[in-house]
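For the record, the sequence lines run as chains A, B, C and D.
First residue of the first sequence? That's 1 in this note's numbering, and the numbers climb one at a time after it.
First residue of the second sequence? That's 1001 in this note's numbering, and the numbers climb one at a time after it.
First residue of the third sequence? That's 2001 in this note's numbering, and the numbers climb one at a time after it.
First residue of the fourth sequence? That's 3001 in this note's numbering, and the numbers climb one at a time after it.
Yeah, the Cβ is synthetic: ideal placement off N, Cα and C, and Gly gets one too.
Given the structure is predicted, the values throughout are model-derived calculations rather than measurements.
First comes the structure, then the notes that go with it.
4 protein chains.
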Amino acid sequence: MRLPNMAAVLLRPGGSEIATYHFNSDNGAPVCDQVMSAVLRCNQGTETAYGADHLTAGLSTAYGEFFERESFVFPVATGTDGNGLALGAITPPYGTIVCHESSHIVTTEGGAPEFYSGGGRMTLLQGEHNKISSASLEEALRKHGIGNVHHMAASAISVTQATEAGVLYETGELSELSEIAHRAGLKVHLDGARISNALVSSGVTPAEMTWKAGVDILTFGTTKNGTMNAEAVITFDPGIARVLGFLHKRAGHLFSKMRYMSAQLLSFLDNDLWRTNALQANKNAARIEAALKRCACVEFAHPVQINELFVFLPRRLSESLRQRGFHLRPWDLGEGRDGFRLVMSYCDKAEEIQRFEDTCNEYASSSDVAD
Amino acid sequence: MRLPNMAAVLLRPGGSEIATYHFNSDNGAPVCDQVMSAVLRCNQGTETAYGADHLTAGLSTAYGEFFERESFVFPVATGTDGNGLALGAITPPYGTIVCHESSHIVTTEGGAPEFYSGGGRMTLLQGEHNKISSASLEEALRKHGIGNVHHMAASAISVTQATEAGVLYETGELSELSEIAHRAGLKVHLDGARISNALVSSGVTPAEMTWKAGVDILTFGTTKNGTMNAEAVITFDPGIARVLGFLHKRAGHLFSKMRYMSAQLLSFLDNDLWRTNALQANKNAARIEAALKRCACVEFAHPVQINELFVFLPRRLSESLRQRGFHLRPWDLGEGRDGFRLVMSYCDKAEEIQRFEDTCNEYASSSDVAD
Amino acid sequence: MRLPNMAAVLLRPGGSEIATYHFNSDNGAPVCDQVMSAVLRCNQGTETAYGADHLTAGLSTAYGEFFERESFVFPVATGTDGNGLALGAITPPYGTIVCHESSHIVTTEGGAPEFYSGGGRMTLLQGEHNKISSASLEEALRKHGIGNVHHMAASAISVTQATEAGVLYETGELSELSEIAHRAGLKVHLDGARISNALVSSGVTPAEMTWKAGVDILTFGTTKNGTMNAEAVITFDPGIARVLGFLHKRAGHLFSKMRYMSAQLLSFLDNDLWRTNALQANKNAARIEAALKRCACVEFAHPVQINELFVFLPRRLSESLRQRGFHLRPWDLGEGRDGFRLVMSYCDKAEEIQRFEDTCNEYASSSDVAD
Amino acid sequence: MRLPNMAAVLLRPGGSEIATYHFNSDNGAPVCDQVMSAVLRCNQGTETAYGADHLTAGLSTAYGEFFERESFVFPVATGTDGNGLALGAITPPYGTIVCHESSHIVTTEGGAPEFYSGGGRMTLLQGEHNKISSASLEEALRKHGIGNVHHMAASAISVTQATEAGVLYETGELSELSEIAHRAGLKVHLDGARISNALVSSGVTPAEMTWKAGVDILTFGTTKNGTMNAEAVITFDPGIARVLGFLHKRAGHLFSKMRYMSAQLLSFLDNDLWRTNALQANKNAARIEAALKRCACVEFAHPVQINELFVFLPRRLSESLRQRGFHLRPWDLGEGRDGFRLVMSYCDKAEEIQRFEDTCNEYASSSDVAD
């Protein structure tokens, strides 16, 4: 069985060409200066291991203030870790997680929800812009008959904010989903891989986007927005926190040198770094959106609300971009057309954005004449 | 239910006093300069995420040279991750792992082997200095009747090098265990949390300590010896590597910004950093051992072969040390006596070691007179 | 949370009315005389427990002759047991099972495949009459990129013969699916809950329907066709059999008084009982089908090939049937119409079938006039 | 890898000699007449499947009266099923079950507790006659620090009544264990494979031996005492019952033709059949015990309290018994001596017991002279 490029690279050197796309993912960005400084600052002297250090002791205070409520914070190193851990804490082995069929937990986390729950299942819903609707949630609960042993036990819902289409749930939408879920005995998980971008875009507070909207547990992403390898599972429920403690250790996330994780997570909140970085990334996306909107035959598959763009490009424009050095990442947006995903980051270079805009402008003006 | 200190700290601030012991653990040491420089050096520009970056591409070459054989390298962030992942790759849900009852995987990894194997079990053996013997392994295999469905399927053995008592398996001992294991169809795992210290102490090559001695898969530790949060699961078997690829992702260890993990793992080998650091830690331990051996009524529970000391101290000596600022960590060494564990590190301060020696010398000379 | 009728009945008495439908399920039939006699016959004297008895020793010979090949036979008590066990033996915790979205393993086995595989996932395909097509299987394998660690490892396909729509895969269709599966490294499972009915309907041999068509492992149903509580997981692959041995015991299916299971399974083959019973059930279905086809406005959702009928009935006919004592079981056949499922059995009473036919005939002749 | 006798028999015919021991196990006995009659009696007409039948509806009433309390009854086909299911309902994947190291769940259930709990672990205690003591339980809980995430979460204790040594916990002992367990947040499971024998031997009521002594859930055995393949998991806690409902289905124990299971379980209580049979088996054991006690050099490893005898026999006596046709089953009772286990049953033949007594008597009188 042939291993695909990615895995081959991971497994052995020279196994593949490394594809380099531009504006490919915020995961490709380096660590921002403020975070790296915090990491360096904590790199002196000995500290007690396994989270009993002074930085880690400050996590709950810092995040408690951020969320305006007592918060139980569990650092993890990846988003897949975080989602798996969070879902595992609220889903028994015989439970299901209701979510959108395009959720990252469904499509590209290698079965982490099944692994962490010990054999749970995801019940997949459809919905525009990767959002699940109250109606579809209610229908799913009706269909799977809470308490019918021939089915599994509906135990949790998972929503992504912003969704994998870069679109926001409004606070009211979240609250309504939570209410339906809670009424049926389900817990509510929020995958916040890009929660900073969602927060600055929506203007709501961290509290409003989470526990005030009924969220019981969330995966709080920071890596895509400037840190090195720090995400956090955060819950507001002491009962869930107790379970998390065991799962977190058991899955190997109780870092011996925890201080380096905590330094990142604290620095992320310091001076509103999360806001500064997210604003920049979103702003970059808005510039690219504006430039593309000036071009004929460009069509957006989803509204641009955070730092992601999902767009159909005419062949001549994508070729021009490529000639100017932009290797954009193809993305299956359906309809058999040439879809692309662009993800902007806090650290995109101004000259690159300018060059992208210029290319679009040239195309736009030539289109006026030629197309 | 009251949460213990450690967990309380992790969960919420102010929950506990942070105990600070001296010479407590090599996990308390900071990141050494060479590794931190490597991390800083790779912190520029965008890179492809999820391990398809240039640094990660170099891992297998570097470790292949280190082990003198094609090596499949899977970076993880903690030793518990690493052990769980490695054991999960060679133990089916209905399988058992034969190991010493004092193994770290048994005592303090929160059930990671059961989690990662999906329901396996550890068969516990006894043995001096936390080593398992050929005889006890053979007896266990005889007793559990390979292939008897009333029992589970003996699938793997796990040995720790050096053991949790800081003692080395000789190469011949490892080979003999592997041979017995392989003959019965079991795979061999080596927990190398302190493998650098073991290598420099024993003088054997990485190849001799692993695959030449029959090891199929190992957890290669670097965090205790100078890195930040980088361990690696390494196998020499392509079949195991294929399984590892899926488990590694599924458990959340395919870091989006993998370059920072790979930078650490590469730097660890660079200029034999692993050797330099391990030699220093072992040498520090030897100095402390020598100092203690000059004292009356001091007794070692295990021979000192790496950077760990397990020692019974007379009350007057431990008091003297405490008065001189050394809060040593009590350790249950049995017999109802005052046992202590000291772990030396690559970065122990020379003046502290000197002060420890001085305290011992004072005690020793006063003992000559008084005791 | 309110428990639904079924569970409530199971949990506590008086919790619900017991709904009684007619021609509801072949699971409602009693044990046929030949099987019960075999059970009684073996009920004397002591026997060695846990499968080491003389009847069990004969299972492989009997089924080996039936399948014309060495067969490894594992008795289980329910179809869900059987499917879970079979899938668990060929699906690792990180593996997926490709199957039709309407498969019994998906809809009404409570998550047994996830439980038995230790965290696997089912990849759901669509297809007419609950059959999966070669094209859809190939697309699924292409999409999930065998070996892409971001996904799970496609490990098995599961087909149901006859499908949940009572429709048969032709031998050529099965072979083609198996070939695609095997080429991609997947194993092939066949859920044969009604395999007897499928065999007599298709006229192919047990060998042709299973291993000659590439089936690696099957759940062989007998309970619906005249036994008490005996199904068997049967594989032709010694490697799979070894795994099965452990899973079978571990899941609790190694019956202490195995002789009573084996007596049923042996009796089922004796004098071609399986054939006699299945022919009768299929024949009953054909009579009902013929009667319904004489009625105006009756429409079949699926062709009737075994002992199951899926049919849309005009309101006036369903009312007439009800008045004549036939409470038919509503079944969601889509389109918002009045669908019903009828399942005929080896022991349907001749007078009941006759009465059903009479009711249809009356309706048909009145329709001629009135509709 | 060679498959052992038992598995080989199960897997393929002719693979082994079938060993026949006498007084080997109560699992070797046939189904008693009253139970078989009940099975035959329910074998007419159609019934609703999956437990929604009239017999199953009566289970809770019958067992509720038996236990003098509302009882939630889940039929299963084997004791391993039952124990796994019961433990799975009270042990999360990160939990431990504290039990005696010789428990059947530890030694010969193929890892069912790990399977059903989804990765739990058993914490093994020692104790005379296979009983765990309050002191050892308290020490285990102290050592594993409830709530210490480096360990797993102590979640349940499991006691066997009578123990695998055939010895009874007194009611006071059970209560004390339960109190310690409950105080620490653990649930209490009782493995009642031979609970009938324990009840008649102790003279306490079913209520006194279970919920009045703090038992939350039990595996209620009937197969060893006269039924065919019917055990029941019984809990008095509606919360546990809800979880059981899902696990019971998921693991494949919701029998389609449930009536045959329920008929056995009801018949077992009818006319105090359980008592009659257990009294007979215990009485048979007492006769054998008395006969052996008359013989010189016979030593009992455990007191004989139910229908099991664990005894060291002098070589000359075991030879005499063998010559008279009694092939007794060797049993490792330690000390390197010739240990044997004899298990008496409700249906042992009077003439066999007589012959055994005669053999003993002959040996006894000859010993008087010769030894």
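Alpha carbon of residue i to alpha carbon of residue j, nearest angstrom
i        : j        : result
L2124(C) : S2136(C) : 10 Å
A198(A)  : L279(A)  : 10 Å
W1211(B) : S1345(B) : 27 Å
L317(A)  : E299(A)  : 12 Å
I2288(C) : I2353(C) : 7 Å
T2080(C) : R1250(B) : 27 Å
R3012(D) : K3293(D) : Note that R3012(D) has pLDDT 39, beneath the 50 cutoff, so the model's placement of it is unreliable and the number below is only indicative. If I take the Cα positions, the gap works out to 43 Å.
R3194(D) : Y2116(C) : 29 Å
R3315(D) : F2268(C) : 47 Å
P2206(C) : C3295(D) : 60 Å
P303(A)  : N27(A)   : 22 Å
Q1305(B) : S1103(B) : 18 Å
G82(A)   : A112(A)  : 10 Å
N229(A)  : A1281(B) : 28 Å
I1157(B) : L1141(B) : 11 Å
V1073(B) : N2148(C) : 17 Å
D3237(D) : I3217(D) : 8 Å
Secondary structure of residue i, DSSP reduced to three states
i        : result
C360(A)  : helix
V2311(C) : strand
P3206(D) : helix
P3238(D) : helix
T1080(B) : helix
A2154(C) : strand
H2129(C) : helix
I1195(B) : helix
P1092(B) : coil
G339(A)  : strand
A1232(B) : strand
R3002(D) : Residue confidence for R3002(D) is low, a pLDDT of 32 falling below 50, so the modelled location carries little weight and cannot support an answer.
G2245(C) : helix
Y3116(D) : helix
R69(A)   : coil
Closest by C-alpha distance to residue i, when choosing among the options
i        : options                                : result
S155(A)  : T163(A), I146(A), Q161(A)              : I146(A)
S3025(D) : G3334(D), K3224(D), V3304(D), F3268(D) : K3224(D)
R3242(D) : V204(A), A49(A), G95(A)                : G95(A)
G1245(B) : E2065(C), V2073(C), H2150(C)           : H2150(C)
G1336(B) : K1187(B), G1119(B), F1312(B), K1143(B) : F1312(B)
E208(A)  : L174(A), L40(A), V167(A)               : L174(A)
A3153(D) : T3078(D), Y3169(D), M3122(D)           : M3122(D)
Status (buried if at least 16 other CB within 10 Å, exposed otherwise) for residue i
i        : result
K1256(B) : First, the residue type needs correcting, since residue 1256(B) is Ser and not Lys in the sequence shown. It counts as buried.
K131(A)  : buried
E3139(D) : exposed
G1185(B) : exposed
C3297(D) : exposed
ask   = In the segment 2255-2328 of chain C, which residue ranges form an unbroken alpha helix (DSSP H) of at least 4 residues, counting only runs that do not cross its ends?
value = 2259-2269, 2273-2293, 2315-2323
task = List in chain order: all unbroken alpha helix (DSSP H) runs of 4+ residues lying wholly within the segment 12-56 of chain A.
result = 33-41
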